[in-house]
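In our numbering, the protein residues as written are 15 to 609. We put the beta carbon where it would ideally sit given N, CA and C, even for glycine. Keep in mind the model is a prediction, meaning the values are calculated, not measured. Below is one structure, written out as structure tokens, with a few remarks after it.
Okay, structure coming up:
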């Protein structure tokens, strides 16, 4: 019998129900009383009754028929015992197939997420390479967006007076390159600053569009340049329900990148023209003092009112002048900055590259350079900036000063880091995912080889989680998974790694641990997981099964360690043990699972 695998509340119910069935209280074809009725009779939760019936079904005592409920299965004892191994093997095979399917689907999702991240980063690099060419920035953006989202058309339109005009498009040709802003689909997005998303031709949001011209799916995002909505970014498809939530987030992110690039291009063009004008003024030393003073006043006014930071520095890097935007960005006043150099503000890890490029500009080997680096603010905070440096020379070619245009790109960098985090961490629990776990196991292996050391890997699942998920729904199951993740982290050391592999399976990396340390850690995990779980007032007693492998004794590569930890966990579950240390006999017994 399987009653030793049940909790203390379920065992008496199991013994009583099994006794009734064996005594003939319920004949073949009779319906077992409803779960709620049995729960009230025995004074237990309905889930406990479901767990007991699931165990009786595994033994072949009862069976479940679709649409008819649960029935007694009156099978002679010798026949039942003879069929039990076949039934058990089917259960194991079905469980193995389900788990392999879940793992495969999880891995495929990770691969798709990684490819999308790489495509977004590649598009961002293309936008950066377009530099200050506005038209090129917009064209590479729409080409990349159409490929990322699978749209039939991608386009960028900008407001010009009372009209909105296409500036770039990719894919099918638009019917018209310009239209009135008022009454257009873009108008709502421009006014609200929100995305317009529709996945059906019958959506009321596009009712004003003639039926023959309506797209099946459409996303419109406002294009903000210098915090002002100056246009829209659009992707559309002839198919309905063509875009996913990830496509919506991608368009929102890329529209921000486009706006930032266009803003930088506008500022650069303005400052380039300003620099040309200022350089001409400096070279024309024979012009009248009045014209020189007018130019100086105009120059200072434009710099002071620029929305990006502007700084003038001497050849040795000392600040000469800065505008208000630069002061606000860095946190120092202009007076304080005149006592400092740009080297004082640059992050130590970024200083070498900056100095090399600066020296090349001063030497005349290049006209200008751009660089993304970190600044140290007066408050101690670190910000990311994009700097564009050029020099102003006199008539003899000697450097008078260098001109730096500085843009704060901290928000963009944080968005990139968030995208990176999504590919390495589980979105539900916040734990490392399978990919990051593999990297850390690889690092632990290199350390152990170097130091002649050891480490352990544990695989764990949650007992009866599938039943809980089926009975209470996925939101309830997700709450259980979050609690389980928190308990696992709390039970282990800060140096240990707890990862979620998918479904109800978790893995633990124990650096420096041998078999005894792994067993002690497993005991702590079991203690944590056998405490009752409570969700929305519902209290459940679950548990865990753990498989243990130790490097280098059980495997010498990452794939082998993870696979054999999984085999050991499966053996623990089949034997109804809390944890099991890997042995080769387990692979022979569970061969069907490994193929």
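With a cut-off of 8 Å on Cβ pairs, the segment 189 to 207 is not in contact with the segment 270 to 280, counting fewer than three such pairs.
Take residue 479, set aside five residues on each side of it, and the residues of its chain with a beta-carbon closer than 6 Å to its own are 518, in chain order.
Remark: fewer than three beta-carbon pairs, one from each stretch, lie closer than 8 Å, so the segment 475 to 493 and the segment 428 to 439 are not flagged as touching. Using a 10 angstroms sphere on the CB of residue 285, the tally of other CB atoms reaches 16 or more, which defines it as buried. Note on residue 22: under 16 other CB atoms within 10 angstroms of its CB, so exposed under the neighbour-count rule.
If you draw a straight line from the Cα of residue 548 to the Cα of residue 476, it is about 15 Å long. Counting only runs that start and end inside the segment 149 to 221, the alpha helix (DSSP H) elements of at least 4 residues fall at 199 to 206. Rounded to the nearest whole angstrom, the CA to CA distance from residue 141 to residue 160 is 15 Å. DSSP places residue 435 in the uninterrupted alpha helix (DSSP H) bounded by 424 to 438.
Across the set 326, 535, 331, the C-alpha of 535 shows the shortest separation from the C-alpha of residue 509. By alpha-carbon distance to residue 75, the top candidate from 28, 58, 55, 53 is 28. For the pair residue 235 and residue 256, the Cα-to-Cα distance works out to about 17 Å. Using a Cβ distance threshold of 8 Å, residue 581 and residue 561 count as a contacting pair.
Here the C-alpha atom of residue 35 lies approximately 17 Å from the C-alpha atom of residue 53.
According to the DSSP secondary-structure assignment, residue 564 is paired through a beta bridge with 470. Looking at the DSSP output, residue 245 shares a beta bridge with 172, 237. The beta carbon of residue 563 sits closer than 6 Å to those of 471, 575, 578, 579, 596, all from its chain and outside the five residues before and after it, given in chain order. By the criterion of at least three beta-carbon pairs nearer than 8 Å, the segment 499 to 508 is not in contact with the segment 446 to 459.
In this structure, the beta-carbon distance from residue 250 to residue 237 does not fall below 8 Å. The residue among 70, 49, 55, 420 with its C-alpha nearest the C-alpha of residue 61 is 49.
Distance from residue 418 to residue 321 at the Cβ level is roughly 15 Å; contact not present, criterion being Cβ atoms closer than 8 Å. Straight-line measurement puts the Cα of residue 162 at about 13 Å from the Cα of residue 185. In terms of CA proximity to residue 196, 176 leads the group 213, 569, 187, 176. Annotation: the continuous alpha helix (DSSP H) that includes residue 376 extends over 362 to 376.
Distance check between residue 208 and each of 225, 270, 214, 156 places 270 closest, using alpha-carbon atoms only. Look at residue 352 here: in three-state DSSP terms it is coil, with no helix or strand label. Going by beta carbons, residue 559 and residue 587 fall inside the 8 Å limit.
Per DSSP, residue 33 is one residue of the alpha helix (DSSP H) stretching across 24 to 36. Just so you know, the alpha carbons of residue 210 and residue 202 end up roughly 8 Å apart. Boundaries for residue 54: no beta strand (DSSP E) harbours it, while the alpha helix (DSSP H) harbouring it runs 49 to 56, taken from the DSSP string. Taking the C-beta atoms as reference points, residue 513 is found no nearer than 8 Å to residue 554. For residue 248, same chain residues with a beta-carbon under 6 Å away, outside a window of 5 residues either side, are 169, 234 in chain order. Residue 274 is classed as buried because its beta carbon has at least 16 other beta carbons within 10 Å across all chains shown.
For residue 547, no alpha helix (DSSP H) run applies; the uninterrupted beta strand (DSSP E) run containing it begins and ends at 547 to 549, by DSSP. DSSP, read as helix, strand or coil, puts residue 69 in helix. As summarised for the segment 454 to 507, the continuous alpha helix (DSSP H) elements at least 4 residues long and confined to that stretch are 479 to 486, 488 to 505, given in chain order.
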